[in-house]
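First to last, the protein sequences are chains E and C.
Under this note's numbering, the first sequence has 157 at position 157, and the numbering climbs by one with no breaks.
Under this note's numbering, the second sequence has 85 at position 85, and the numbering climbs by one with no breaks.
See below for the structure under consideration.
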Amino acid sequence: MDPINQLALILVGLPRTLAISILSFLLGLAIGLPLAFIRTYMGKPYQIVVDVYEKVLRGIPEVVLIFFVFYGLGLGLGFPLLKDALTAATFALGIRSGAHQSQIFRGAIRGIGEHQMVAARALGLSRLQAIIYVMAPQTFIIASPGLGSEYALLIKDSSYAFIIGVVEMMRQADRVRAATLDMVFPTLAATFLYILLTFPIATYLDMWGSRKKKQLGL
Amino acid sequence: MTDVVMECRNLWKIYGNIIAVKDVSLEIREGDIKLIFGPSGSGKSTLLRCLAMLTTPTKGDVFLGEECLTKPGVDLNKARARIGFVFQHIWLFHHLTALGNVELGPRRTLKLPKREARERAMQALIEVRMKEWTKHYPAQLSGGQQQRVGIARALAMHPEIILLDEPTSALDPELTGEVIDTLKDLAKKGITMLIVSHEMPFAREVADEMIFFDEGTIIERGRPELFFTSPRSERAKKFMARLIKRTARG
Numbered sequence: 001m002d003p004i005n006q007l008a009l010i011l012v013g014l015p016r017t018l019a020i021s022i023l024s025f026l027l028g029l030a031i032g033l034p035l036a037f038i039r040t041y042m043g044k045p046y047q048i049v050v051d052v053y054e055k056v057l058r059g060i061p062e063v064v065l066i067f068f069v070f071y072g073l074g075l076g077l078g079f080p081l082l083k084d085a086l087t088a089a090t091f092a093l094g095i096r097s098g099a100h101q102s103q104i105f106r107g108a109i110r111g112i113g114e115h116q117m118v119a120a121r122a123l124g125l126s127r128l129q130a131i132i133y134v135m136a137p138q139t140f141i142i143a144s145p146g147l148g149s150e151y152a153l154l155i156k157d158s159s160y161a162f163i164i165g166v167v168e169m170m171r172q173a174d175r176v177r178a179a180t181l182d183m184v185f186p187t188l189a190a191t192f193l194y195i196l197l198t199f200p201i202a203t204y205l206d207m208w209g210s211r212k213k214k215q216l217g218l
Numbered sequence: 001m002t003d004v005v006m007e008c009r010n011l012w013k014i015y016g017n018i019i020a021v022k023d024v025s026l027e028i029r030e031g032d033i034k035l036i037f038g039p040s041g042s043g044k045s046t047l048l049r050c051l052a053m054l055t056t057p058t059k060g061d062v063f064l065g066e067e068c069l070t071k072p073g074v075d076l077n078k079a080r081a082r083i084g085f086v087f088q089h090i091w092l093f094h095h096l097t098a099l100g101n102v103e104l105g106p107r108r109t110l111k112l113p114k115r116e117a118r119e120r121a122m123q124a125l126i127e128v129r130m131k132e133w134t135k136h137y138p139a140q141l142s143g144g145q146q147q148r149v150g151i152a153r154a155l156a157m158h159p160e161i162i163l164l165d166e167p168t169s170a171l172d173p174e175l176t177g178e179v180i181d182t183l184k185d186l187a188k189k190g191i192t193m194l195i196v197s198h199e200m201p202f203a204r205e206v207a208d209e210m211i212f213f214d215e216g217t218i219i220e221r222g223r224p225e226l227f228f229t230s231p232r233s234e235r236a237k238k239f240m241a242r243l244i245k246r247t248a249r250g
């Protein structure tokens, strides 16, 4: 098999790699952003719940988490959606990303400072409105470099889905290796593809965030 | 007799064992311009924040018109929308343009339609002579321009009263003039204001009453002439002398 064909076969896994990483990033966002604001603005019991969530999910190895979600929750306990390997992997990485993103956003909220909240409340905005219209947009800008790294992390971690049988890029690379008995090219190609997927986005978000922060004096 | 716009009765604010505001009673009528001055750390800012219910008073009552804001169950968001507040450190929203800053309140708290909110915001920016700068972000404006946007942000809500907490004291001396001019414009329009400030020439020109504040309470109050000629209390006398000396030097 010539390299072009090998590469084409590996790229067959690309849509699933992207699906896992993009969807788990969005799930992480949907969990992490509210958690960060809950942790910042709500009472002690809520803070403890968020802290426990973060600590537990960051403490479990990715492989264990994916196994637990797919075999434990999906096949074992029969949660319907999690019986599907792709969904299970996305869900596992998403809830773990939620713990990361919660911490990223919380740092950003602290960076904005309480005065923006006070100024918003003085206009008569409710706390939720102040969060939506004043705090959250600035939180995104400050957090953008951190979000870039988080996205890169998810692209990389999507390769763990391989272990529960999802046919993503890593899985395809392994198949090509097995079929051609070429130990070097398929893994090297996968390496470059992962770098190609992670590096530009992380760099772009980093630069965009820095420029925006400078422009707004944040 | 004109209507009372804002009033506080026997107001206290205590943090731990520090008494920030001590038994203050104050009444502001429509069109009044009252000016509070006194040493730093004397509780002036805390008093203003209590009046806007940005911090909850420990004891005593705050009234906005007829409505008691210190009673439980009052919709404080609605009340705050009727009170303008201008901060010492300005605190514009960094991520919004000048226009965005000013139209946020009308749009989101008063729930005006987009066009109406924008018109109102433009009107307010024209009043503070910032029409040319509507598309600029706060970081692209000078301190004086930022504070004028801060004033416009309060004005666009059409508040019943504006509370201003040392609106010029964070600015470079050469930038205070433009903000003072803006405040004089508002005074001419008859806008009700309670201002914490040490700008004495300005006070003399526009204030109906000056209130000397120290150690959390009102020491002496009266017409500006009183303070500039013969303050009764020893503390006010000393403070005025220092202020006038500083102004003369500056």
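Positions of the beta carbon are idealized from the N, C-alpha and C atoms, including for glycine.
- Residues of chain E with a CB under 8 Å from the CB of A52/C: which are they? In chain order: A122.
- Task: Please name the residues in the region 130-151 of chain C whose beta-carbon is closer than 9 Å to at least one beta-carbon of chain E, in chain order.
- Result: Hits within the stretch, in order: Y137, P138, A139, Q140, G150.
- Message: Please tell me whether G65/C has its Cβ less than 8 Å away from any Cβ of chain E.
- Response: G65/C does not count as touching chain E.
- Query: Hey, out of L194/C, R223/C, S230/C, whose CA is closest to I33/C's CA?
  - Reply: Among L194/C, R223/C, S230/C, the Cα nearest to that of I33/C is on L194/C.
- Message: Going by DSSP, what residue range makes up the beta strand (DSSP E) through W12/C?
- Response: Unbroken beta strand (DSSP E) run through W12/C: 4-15.
- Task: Determine which residues share a DSSP beta bridge with T217/C and list them.
- Result: The partner list for T217/C (beta bridge, DSSP) reads D214/C.
- Message: Is the separation between the beta-carbon of G216/C and that of V21/C shorter than 8 Å?
- Response: By the CB criterion at 8 Å, G216/C and V21/C fall inside the cutoff.
- Message: I need the boundaries of the beta strand (DSSP E) containing V74/C, first residue and last residue.
- Response: Per DSSP, V74/C belongs to no beta strand (DSSP E) and is neither H nor E.
- Neighbour list for Q129/E in chain C, Cβ cutoff strictly below 8 Å: When 8 Å is used as the limit between beta carbons, Q129/E is near these residues of chain C: R108, T109, in chain order.
- Item | Neighbour-count burial assignment, F85/C, 16 or more Cβ in a 10 Å radius | Residue burial is scored here from C-beta neighbours: F85/C has at least 16 other C-beta atoms within 10 angstroms and is therefore classed as buried.
- Item | Within 8 Å of chain C by C-beta, residues of the region 28-42 of chain E in sequence order | Listed by position along the chain: nothing, the set is empty.
- Message: I believe R147/C touches V179/C by the beta-carbon criterion, under 8 Å. Please report the beta-carbon distance rounded to the nearest angstrom.
- Response: Arg is not the amino acid found at residue 147/C; the sequence shown has Gln there. So it is a contact: roughly 5 Å between Cβ atoms.
- Query: Given a threshold of 16 other Cβ atoms within 10 Å of its Cβ, counted over all protein chains shown, does F212/C qualify as buried or as exposed?
  - Reply: With 16 or more other Cβ atoms within 10 Å, it is buried.
- Kindly indicate which residue of G65/C, P159/C, G43/C has the alpha-carbon position closest to the one of V18/C. Looking at the sequence itself, residue 18/C is Ile, so the reference to Val does not match. The shortest CA-to-CA distance from I18/C to any of G65/C, P159/C, G43/C is the one to G43/C.
- Message: Once the 5 residues before and after D157/E are set aside, which same chain residues still bring their CB inside 6 Å of it?
- Response: Hits under 6 Å: E62, L93.
- Message: Taking 8 Å as the cut-off, does the region 106-115 of chain C touch the region 147-157 of chain C (at least 3 CB pairs, one atom from each stretch)?
- Response: Contact between the region 147-157 of chain C and the region 106-115 of chain C is present, because at least three Cβ pairs lie under 8 Å.
- Please classify A154/C: does DSSP put it in a helix, a strand, or coil? Under the three-state reduction of DSSP output, A154/C falls in the helix class.
- Task: Could you confirm whether any beta carbon from chain C is found closer than 8 Å to the beta carbon of Q116/E?
- Result: Contact with chain C is found for Q116/E, since one of that chain's Cβ atoms lies less than 8 Å from the residue's Cβ.
- Task: With 9 Å as the limit, tell me which residues of the region 183-211 of chain C have their beta carbon closer than that to any beta carbon of chain E; keep them in chain order.
- Result: Along the region 183-211 of chain C, none of the residues has a CB nearer than 9 Å to a CB of chain E.
- Query: Three-state secondary structure (DSSP) at F185/E?
  - Reply: If DSSP states are grouped into helix, strand and coil, F185/E belongs with the helices.
- Alpha-carbon spacing of V64/E relative to D84/E, whole angstroms: Going by the C-alpha atoms only, they are around 17 Å apart.
- Message: Between R80/C and chain A, is the shortest Cβ-Cβ distance under 8 Å, so that the two count as touching?
- Response: Chain labels in this structure do not include chain A; the protein chains are E and C.
- Task: Would you mind stating whether E30/C and E7/C have Cβ atoms separated by less than 8 Å?
- Result: The answer is no: Cβ separation not under 8 Å.
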